[in-house]
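A.B. asks: One structure is given below, represented as structure tokens, and several questions about it will come after.
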Amino acid sequence: MEKTLNVQGMTCGHCKMSVEGALNKLDGVAAAEVNLDAGNVDITFDESKVNVDAMKEAIEDQGYDVSA
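FYI, in full-length UniProt numbering the residues of the sequence shown are 1 to 68.
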């Protein structure tokens with residue numbers, strides 16, 4: 001399944017790596033790609049292993065705000 005989340009506060013390569021890294025650590029996330037210009041992240045995941053709330057929490061734990 002694919003989902004795009006809007007993430008506020010990402011401005012640089014470090015932000016990109018933080019968000020992608022946090023998401024890729026979650027079991028069930030196959031891919032995470034941040035688009036800094038658009039302010040979002042595209043996530044490919046297995047919905048039987050991980051849910052959107054867990055992904056939002058992983059991003060928020062890095063210090064960013066998420067709006068679906």
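Don't be surprised by glycine CBs; every beta carbon is placed ideally from N, CA and C.
#1: Go through its chain and collect everything with a Cβ distance to residue 8's Cβ below 6 Å, but skip five positions before and after it.
#2: Would you tell me roughly how many angstroms separate the C-alpha atoms of residue 16 and residue 10, rounded to the nearest one?
#3: Leaving aside the five residues before and after residue 27 along the sequence, list all residues of the same chain whose C-beta is less than 8 Å from its C-beta, in chain order.
#4: Start and end of the alpha helix (DSSP H) containing residue 18?
#5: Within a Cβ cutoff of 6 Å, which residues of the same chain sit near residue 67, ignoring the five residues on either side of it in sequence?
C.D. replies: Let's see:
#1: Result list for residue 8: 65, in chain order.
#2: 7 Å
#3: 49 and 50
#4: For residue 18, the enclosing alpha helix (DSSP H) has its first and last residue at 13–24.
#5: 6
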